[in-house]
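Take a look at the structure set out below.
In this note's numbering, the protein residues as written are 118 to 334.
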């Protein structure tokens, strides 16, 4: 039986060689381009490796992401995306049906995993509810990124090491006569978006914090 479209997506084939928080941050960046993401559940339990749940504020956002990101090569591995079979905790909290005793928990991923999800939620609440999706003005989405704040000694080879870890990387280009800035090309806007979030604020040296934005068209 087909699963009814809803605001929670079940994602499999997720690259699992990164730290959990890094993976969540990248998934926020990737899926946040298609609607307001209110939660990303990614648990590093052996039985759940390579899987994640993306919770949107509404069904429209989830549908938009499913349509645009199906088979997206996340770190070279095509993502498989479906609507979740049942409601997530975040969605239940949004519509007021969630209960702390766990009886409304619908994403059945095991008790230990559920406890880990609760710890993550408590940590986020302790930080004042500030999640990985900090809103920044980075310009209109584009396949080309503009990097500034680079050390004067930066080379294109150094930039390649930083950016080639992200899918879709094409090349990095320094600007002759203008040290400290560069342009970085990606194949798609989505891939550029993953990189801009993954490396935003990255400290190349103690004095040089890289700032990324979309290059002006």
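Ideal Cβ positions, reconstructed from N, Cα and C, are used throughout, including at glycine.
Residues bridged to residue i [DSSP beta-bridge criterion]
{"i": "residue 82", "result": "Not covered by the structure: residue 82. The range shown for the chain is 118 to 334."}
{"i": "residue 302", "result": "261 and 288"}
{"i": "residue 320", "result": "326"}
Coarse secondary structure for residue i, derived from DSSP in three states
{"i": "residue 125", "result": "strand"}
{"i": "residue 282", "result": "coil"}
{"i": "residue 256", "result": "coil"}
{"i": "residue 137", "result": "helix"}
{"i": "residue 229", "result": "Summary for residue 229: the model assigns pLDDT 38, below 50, so the residue's position carries little reliability; its value from the coordinates is reported in the next sentence. Residue 229: helix per DSSP, three-state reduction."}
{"i": "residue 92", "result": "A query on residue 92 cannot be resolved here, the shown segment of the chain reaching from 118 to 334 and no further."}
{"i": "residue 274", "result": "helix"}
{"i": "residue 296", "result": "coil"}
{"i": "residue 119", "result": "coil"}
Distance between beta carbons of residue j and residue i, contact taken as under 8 Å
{"i": "residue 265", "j": "residue 334", "result": "Rounded, the Cβ-Cβ distance is 18 Å, inconsistent with contact."}
{"i": "residue 171", "j": "residue 126", "result": "4 Å"}
{"i": "residue 276", "j": "residue 299", "result": "6 Å"}
{"i": "residue 120", "j": "residue 200", "result": "5 Å"}
{"i": "residue 111", "j": "residue 271", "result": "This structure does not reach residue 111, given that the chain is present from 118 up to 334, and the question cannot be answered."}
{"i": "residue 196", "j": "residue 131", "result": "7 Å"}
{"i": "residue 176", "j": "residue 138", "result": "Actually they are not in contact, since the Cβ atoms of residue 176 and residue 138 sit about 27 Å apart, beyond 8 Å."}
{"i": "residue 332", "j": "residue 267", "result": "So it is not a contact: roughly 15 Å between Cβ atoms."}
{"i": "residue 133", "j": "residue 167", "result": "5 Å"}
{"i": "residue 284", "j": "residue 173", "result": "Incorrect: roughly 22 Å between the Cβ atoms, too far for contact."}
### Task
Taking only runs that begin and end inside the region 143 to 211, name each unbroken alpha helix (DSSP H) of 4 or more residues, in chain order.
176 to 186
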